[in-house]
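Beneath this line is the structure, given in structure tokens, with notes to follow.
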Amino acid sequence: MFVDKAKIYVKGGDGGDGLVAFRREKYVPEGGPAGGDGGDGGDVIFKVDEGLRTLMDFRYQKHFKADRGEKGRNKSQHGANADDMIVKVPPGTVVIDDDTQEIIADLTRHDQQVVISKGGRGGRGNIRFATPNNPAPEIAENGEEGQERWVILELKVMADVGLVGFPSVGKSTLLSVVSAAQPKIGAYHFTTLTPNLGVVDVGDGRSFVMADLPGLIEGAHQGVGLGHEFLRHVERTRVIVHIIDMAATEGRDPFDDWVKINDELKLYNAKLEERPQIVVANKMDMPDAEVYLTEFSERLSEVHPSAQIIPISAVTKSGVQELLYKIADLLETIPEMPLVEELVDLSERKVYRLEAKEDDDFTIRRENDDFVVESPSIEKLIKRTNFSTEEAVMRFARILRKKGIDKALREKGAKDGHTVRIGDFEFEFVERE
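This is the structure:
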């Protein structure tokens, strides 16, 4: 089964907790603090594997969590960093943040990789908090949580040539006679529901990858019919081969077909209008095809004088070899890398977006008799603080005072006994002399 879209959950590994420990060796009196730092959590990294052609694996596994770092050790030993989680994706995968709809990465080359969820930093052990005033601290930090997010994966087929056209114009038939691909073929609309890929051997030592893309209809750029399920894949092809039913077997006018399909491509992405295109007049073995071809050629020359029309019959294979030579010649003039419109080298420019520097901004609001403090930096500090020791609690209180939160609470009317909430943490306000 061909799967070209998936939604998955990724989470970087949490950092390991720092350790509170002291040297307890014989002949080493008052050995001092010796608790090591926790190890960093693993990153979740997406890596391109050109052997993959579908997102099928993500249909069954939707959660990817990297390992957490090891806790700090005694004797000032650092906990081990966790290994990164490598997730393999097919070339042509676009990674989108589900919450913001921001494009995180556009992966097109083999072995290209990008960090999708960064692991948390390890917490500091008590050796890091030793000062002349406090040479034996009993303070250690918890590890940071790894970044977590839902992402959408969209696969845009990586092919040299994309066959486009209305349903039942003969795209699948052409692919089946020029390659070893065996697409499902039927005499009804939308026989092809997903892209079919085939390697075409031209016969003179040259070859290329051809994709039979699902049939297109008017309004597809707005999602009508297969809509974006089709158009997404056209963006990746280097050459567009536009198949026209020149025998008008469906009762449509061939020239109108050409106009409508090109309009849909342009409305979906204006740059597709600039993509090299070969017009193929198919079904020339059918009655009246020559008459339609003459009329089509005259009308096309009026709006596109340089357009070349190649008449073929995919069923009898007439003109097919000439078409293959024409495609191969055109591909030699186009860069091998697929055209990526809005995202050229995006993943190289941005491996991971650095967070803005934390500041001391906070807001205080009142909910009934309680006071709620909102501050990202303080909420992060709470998660890093191990409240199991009195020293850690006192350090946390000192930081609040230094940031001016105590003073601001008094100004808002906080008195002894009032409840103050910061994130999931709740404590009682105590007025100090």
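If you read the sequence shown in my numbering, its first letter stands for residue 101, the second for the next number, and so on. Cβ coordinates follow ideal geometry from the N, Cα and C atoms, glycine included.
Problem - CB contact flag (VAL195, ILE204, <8 Å) - result: Here the question's residue 195 lines up with position 95 in the sequence shown. Here the question's residue 204 lines up with position 104 in the sequence shown. Contact flag set, yes.
Problem - Rounded Cβ spacing between HIS210 and GLU150 (contact assumed at less than 8 Å) - result: Here residue 210 refers to the residue found at position 110 when the sequence shown is read from its first residue. Here residue 150 refers to the residue found at position 50 when the sequence shown is read from its first residue. Indeed they touch by this definition, with Cβ atoms about 4 Å apart.
Practice task
If I'm right that HIS178 touches ASP137 with Cβ under 8 Å, what's the distance once you round it to whole angstroms?
Solution key: Sequence index remark: in the sequence shown, residue 178 carries index 78 (1-based). Sequence index remark: in the sequence shown, residue 137 carries index 37 (1-based). 5 Å between Cβ atoms; contact.
Handout entry: Neighbourhood of ALA106 by C-beta, 6 Å cutoff - its chain only, sequence neighbours within 5 removed
Key = Within the sequence shown, the letter at position 6 stands for residue 106. Once the five neighbours on either side are set aside, the close Cβ partners of ALA106 are LEU155, PHE158, LEU253.
Exercise for the section: Mark PRO191 as exposed unless 16 or more other C-beta atoms lie within 10 angstroms of its C-beta, in which case mark it buried. Expected result: Against the sequence shown, residue 191 aligns to sequence position 91. So PRO191 ends up on the buried side.
Handout entry: Per DSSP, cross-strand counterpart(s) of VAL299
Key = Counting from 1 along the sequence shown, the entry for residue 299 is found at position 199. According to DSSP, which records beta bridges pairwise, VAL299 is partnered with VAL309.
Problem - Option nearest LEU152 by Cα separation, candidates THR193, LYS512, LEU393, ARG221 - result: Here residue 152 is taken as the residue at index 52 of the sequence shown, counted from 1. Residue THR193 is the option with its Cα nearest to LEU152.
Exercise for the section: Rank PRO267, ALA311, TRP358, VAL277 by C-alpha distance to the C-alpha of GLU350 and give the top, closest one. Expected result: One-based indexing of the sequence shown puts residue 350 at position 250. Cα-wise, what sits closest to GLU350 is PRO267.
Exercise for the section: Give me the Cα-Cα distance between ILE216 and GLU241, rounded to the nearest whole angstrom. Expected result: The residue labelled residue 216 in the question sits at position 116 within the sequence shown. The residue labelled residue 241 in the question sits at position 141 within the sequence shown. Each residue's alpha carbon lies about 25 Å from the other.
Handout entry: Alpha carbon of GLY265 to alpha carbon of GLN213, nearest angstrom
Key = The residue labelled residue 265 in the question sits at position 165 within the sequence shown. The residue labelled residue 213 in the question sits at position 113 within the sequence shown. Near 34 Å, if we compare the C-alpha coordinates of GLN213 and GLY265.
Exercise for the section: Return helix, strand or coil for LYS483, following the three-state DSSP convention. Expected result: Residue mapping note: residue 483 aligns to position 383 of the sequence shown, counting from 1. Three-state result, LYS483: helix.
Exercise for the section: Classify GLU125 as helix, strand or coil using the three-state DSSP reduction. Expected result: Position 25 of the sequence shown holds residue 125. Three-state result, GLU125: coil.
Handout entry: Same chain only: Cβ atoms within 6 Å of SER563, ignoring 5 sequence neighbours per side
Key = No answer is possible for residue 563: the residues shown for the chain start at 101 and end at 533.
Practice task
Classify GLY517 as buried or exposed, calling it buried when 16 or more other Cβ atoms lie within 10 Å of its own Cβ.
Solution key: As a working note, residue 517 is residue 417 in the sequence shown. GLY517 comes out exposed.
Practice task
Leaving aside the five residues before and after ALA514 along the sequence, list all residues of the same chain whose C-beta is less than 6 Å from its C-beta, in chain order.
Solution key: To locate residue 514, count along the sequence shown from 1; it is residue 414. Result list for ALA514: PHE471, PHE529, in chain order.
Practice task
Could you check which residue in VAL420, GLU422, SER418, ILE378 has the C-alpha nearest to that of SER406?
Solution key: Locating residue 406 in the sequence shown gives position 306, where the first residue counts as 1. The residue with the shortest Cα to Cα distance from SER406 is ILE378.
Handout entry: Per DSSP, the bridge partner or partners of PRO411
Key = On the sequence shown, position 311 is the one that residue 411 refers to. Paired residue(s): ALA381.
Practice task
For LYS256, count neighbouring C-beta atoms within 10 Å of its own C-beta (all shown protein chains included) and say buried if the count is 16 or more, exposed if not.
Solution key: By one-based count along the sequence shown, residue 256 stands at place 156. Counting Cβ neighbours within 10 Å, LYS256 comes out buried, since at least 16 surround it.
Problem - Three or more C-beta pairs below 8 Å linking the segment 219-236 and the segment 104-123 - result: yes
Problem - Close beta carbons around GLU422, own chain, < 7 Å, minus the five adjacent residues each side - result: Working through the sequence shown from its first residue, we reach residue 422 at position 322. Closer than 7 Å at Cβ, skipping near neighbours: ILE410.
Problem - Residue ranges of each beta strand (DSSP E) within the segment 198-243, 3 or longer - result: 203-207, 213-217
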